[in-house]
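Participant:
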Amino acid sequence: MMKLLKYELQRRRTLLPGAAIGMLFIEGAALYGIYRGGNWNTLAIAMTMLLAVGGLLLPMLDAVTKLYADYKQKQGYLLFLTPQGGYRILLAKTVFGALEIAASMLLICGCLALSAALLDRFQYGAATALLSSVGAQMGDALTTGMLFTFVGLAALQMIAQMCVALLAVTVSRAMVQSNRYNWLISLAMYFALAVGINMVNGVLLVAFGFVGDVMRLIRDESHALRMLGKYFAISAGTYAVWAAACTAVSGRLAGRSIDL
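Right under this line is the structure:
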């Protein structure tokens with residue numbers, strides 16, 4: 004496993020430093036907008052949104068495109084001929100992608116914290132005032148622990164989405180060999196799988212009493228914290244199950260059903 008992870012890291016010896024430098028450059032532009040204030044705040048908001056969206060999507064796109072290239076190029080052909088097997092190869096790609104997502108989210112959180120500190124410094128406590136306003140509206144539901152839980156849940160969701168995308172690429176490759184439109188089939192397969200999984204997740208939420216909990220929350224807001232904890236736990240469990248299941252199926256298909 005460590006050899007496979009090292010191989011994945013070596014393939015990205017240029018991409019990862021470049022991505023980190025790019026994210027820091029975007030954060031620098033956001034900080035400059037905060038420092039200038041006024042209309043420059045528009046730049047800060049735009050750069051912050053770009054940082055968050057790009058930082059979350061890049062690891063998933065990187066993992067998917069690398070797997071797609073492995074199925075299409077000679078280098079990937081040689082990889083799948085090694086004694087490692089499809090399961091271990093797909094597991095290594097999933098683990099490395101998860102590490103990329105975790106590192107990206109940590110960098111994003113650090114940049115947001117720096118932006119908030121600078122916003123307080125140069126714009127008269129604007130970040131503190133905003134957080135206080137949100138905290139007053141949400142009450143006990145907004146705690147430091149809950150924020151960390153939400154970040155962890157978001158990371159787990161991105162990992163699950165990445166695993167679904169890897170499965171879509173693998174299934175399309177198993178169904179249609181040597182087709183120039185494999186990428187389009189993979190994209191359609193991803194959306195089909197995502198819709199199906201979301202439908203199953205919706206059924207699970209109903210089964211766990213989501214509708215009744217919402218009605219109780221409308222009548223009594225004191226249930227908010229307990230409700231958030233319950234559905235955070237349910238969501239984390241479903242994301243973990245989907246990630247494991249998609250990785251297992253992808254590994255089986257890669258090992259037995261794909262003619263490279």
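Each number in our numbering comes from the position in the sequence shown (counting from 1) with 3 added on.
The C-beta atom is built at its ideal place from N, Cα and C for all residues, glycine as well.
Here the structure is a predicted model, which is why all the values come from computation and not from measurement.
1. How long is the line joining the alpha carbons of Lys69 and Arg124, rounded to whole angstroms?
2. Which of helix, strand or coil does DSSP assign to Tyr242?
3. Entirely within the segment 144-181 and at least 4 residues each: give me those alpha helix (DSSP H) ranges in chain order.
4. Quick one: is Tyr184 buried, meaning 16 or more other Cβ sit within 10 Å of its Cβ, or exposed?
5. My understanding is that Leu109 touches Tyr242, with C-beta atoms under 8 Å, so please give their C-beta distance in whole angstroms.
6. Go ahead and pull the three-state DSSP assignment for Tyr127.
7. Can you name, in chain order, every residue of its own chain whose Cβ lies under 7 Å from the Cβ of Ala239, other than the five neighbours on each side?
8. Ser107 and Leu59: beta carbons closer than 8 Å?
9. Say whether chain D places a C-beta atom closer than 8 Å to the C-beta of Val209.
10. From Phe28 to Gln126, what distance separates their C-alpha atoms?
11. Cα separation between Ala47 and Ala129?
Facilitator: Reading from the atomic positions:
1. 42 Å
2. It is helical.
3. Fully enclosed alpha helix (DSSP H) runs of 4 or longer: 147-178.
4. Exposed: under 16 other Cβ atoms inside 10 Å.
5. The pair is not a contact, with the Cβ atoms about 19 Å apart (cut-off 8 Å).
6. coil
7. Residues of the same chain with a CB within less than 7 Å of the CB of Ala239, apart from the 5 flanking positions on each side, are Leu156, Leu159 in chain order.
8. yes
9. The chain labelled as chain D is not found in the depicted structure, where only one protein chain is given.
10. So the alpha carbons of these two residues sit roughly 22 Å apart.
11. 14 Å
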